[in-house]
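Asks:
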Amino acid sequence: MGFFGFLILGLLAGAIAKLILPGKQGGGWFVTLLLGIVGALLGGWLGGLIFDVNLNEFFSLSTWLLAIGGSLIVLLIYGALFGRKGAKR
Numbered sequence: 001m002g003f004f005g006f007l008i009l010g011l012l013a014g015a016i017a018k019l020i021l022p023g024k025q026g027g028g029w030f031v032t033l034l035l036g037i038v039g040a041l042l043g044g045w046l047g048g049l050i051f052d053v054n055l056n057e058f059f060s061l062s063t064w065l066l067a068i069g070g071s072l073i074v075l076l077i078y079g080a081l082f083g084r085k086g087a088k089r
């Protein structure tokens, strides 16, 4: 998959992950892009490690599921680290 295909995959996977997770996550489209790319990398690495599947084709269902799953993990970690800092108890 090419560089721009990977960017589009990361942006869309990050956006889908934000839609799946409840609550309000901070960050705009650039943070979504970065988290999605990191999530796609994480999902591809875990998929290759556990399931012996790689992110090779843009229109592959396994590519999208791994990228979205990785983005969910990264978004959860991001929310745990940077979420609700200004909230009062």
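Each residue of the sequence shown is one higher than the one before, starting from 1 at the first, in my numbering. Here a beta-carbon is modelled for each residue, glycine too, at the ideal position from N, C-alpha and C. Bear in mind the structure is a predicted one, so any value in this text is a computation, not a measurement.
(1) Using only CA atoms, which one of 8, 50, 81 lies nearest to residue 36?
(2) Rounded to whole angstroms, how far is the Cβ of residue 91 from the Cβ of residue 70, which I believe are closer than 8 Å?
(3) Taking the alpha-carbon positions, what's the residue 11 to residue 50 distance?
(4) Does DSSP put residue 27 in a helix, a strand or coil?
(5) Alpha carbon to alpha carbon, how far is residue 81 from residue 44?
(6) From residue 90 to residue 65, what does the alpha carbon distance come to, in whole angstroms?
Replies: Looking at the coordinates:
(1) Taking only the C-alpha atoms, the option nearest residue 36 is 8.
(2) With the chain running from 1 to 89 in the structure shown, residue 91 is simply not present.
(3) Roughly 24 Å separates the two Cα atoms.
(4) Three-state result, residue 27: coil.
(5) Straight-line Cα distance between these residues: approximately 23 Å.
(6) In the structure as shown, the chain starts at 1 and stops at 89, and residue 90 therefore has no counterpart that could be examined.
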